[in-house]
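Asker: Going by the UniProt record's numbering, the sequence shown opens with residue 1, and the numbers climb by one from there.
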Amino acid sequence: QFKGLVFTDALAIKGVSANNTSICLQALQEGHDLLLVPRRIMEEVEAILDAVKSGALTEAEIETKCRKVLTYKYALGLSKTPFVRLSGLGNRITTAHTRDLIRRLNQE
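1. Specify, as a first and last residue, the run of the beta strand (DSSP E) that D9 falls within.
2. From the DSSP output, in three-state form, read off L34 for me.
3. Since Y72 and L28 should fall inside the 8 Å C-beta cutoff, what is the C-beta to C-beta distance between them, to a whole number of angstroms?
4. For a test of the three-state rule: what should DSSP assign to A90, helix, strand or coil?
5. With DSSP collapsed to three states, give me the class of A56.
6. Just to check my reading of the structure: R39 and L11 have Cβ atoms closer than 8 Å, yes? What is that Cβ distance to the nearest angstrom?
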């Protein structure tokens, strides 16, 4: 039995999300762990919450999926501080030197 993470494809694709049922809920019930690019995220979240309230999906199932994703993130080192601090990156790389370099490259 496959033990890895199961991702959806882009859920916003019209062919996938054309009917009125919650595509995210359906994907979770079918065994997906990560839902990529849902079309109407708030409606999808509400549908999942309603499914948990009604018992169609259990909190334990959601918790198991979350733990699985977090376990993989930890194992891959994704829980650590990134090598590049993204905050303020534009200010750090936009210097007189880089502006001069861009100017010279545009002249060539």
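We put the CB at the ideal spot given by N, CA and C, even for glycine.
Answerer: Taking the definition as stated:
1. First-last of the beta strand (DSSP E) with D9: 7-10.
2. In the three-state scheme derived from DSSP, where H, G and I count as helix and E and B as strand, L34 is classed as strand.
3. Separation of the CB atoms of Y72 and L28 is rounded to 17 Å, and the pair is thereby denied contact status at 8 Å.
4. Just to set this straight, residue 90 is Gly in the shown sequence, not Ala. Helix.
5. Coil.
6. Rounded to the nearest angstrom, the Cβ distance from R39 to L11 is 6 Å, consistent with a contact under 8 Å.
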